[in-house]
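In the working numbering, the protein residues as written are 1450 to 1573. Backbone N, C-alpha and C define an ideal beta-carbon position, used for all residues, glycine too. Report on one structure; see the data block that follows.
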């Protein structure tokens, strides 16, 4: 779901934040702790060193992706909470305004009812 479609929709934002999970580290990255294989031909040694470099680069990339996902999830949850707080504040403002309008309507009705002559006054 594109980000512009979840702005303001707290349920969608929470669902999006809940779906953010980091990928599991592949078992092949466990090879990082083992020393390069120095036996064999020059090509074998070079491939072993290259494998270690590629494995280290991949581990760094997955670590960065994981950090970015955690940051993104935190930002989305904070934005959802902000929208929820804004919704509550707007609802309170609306309720206050509605109360004022109703009170003004009741006051106007009382004033109008007080100025209209009663039917008994017209005939007398």
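Over the uninterrupted alpha helix (DSSP H) stretch that includes residue i, give me the two end residues.
i: residue 1493; result: 1491-1564
i: residue 1459; result: 1459-1468
Could you check how far apart the C-beta atoms of residue i and residue j are, in whole angstroms? I think they sit under 8 Å.
i: residue 1459; j: residue 1529; result: 5 Å
i: residue 1466; j: residue 1522; result: 5 Å
i: residue 1485; j: residue 1511; result: That pair is no contact at about 21 Å.
Here's the rule: buried if 16 or more other CB atoms are within 10 angstroms of the residue's CB, otherwise exposed. What is residue i?
i: residue 1586; result: This structure cannot speak to residue 1586, because the chain is shown only from 1450 to 1573.
i: residue 1462; result: buried
i: residue 1573; result: Note that residue 1573 scores 49 on pLDDT, short of 50, meaning its location in the model is unreliable and no value can be drawn from it.
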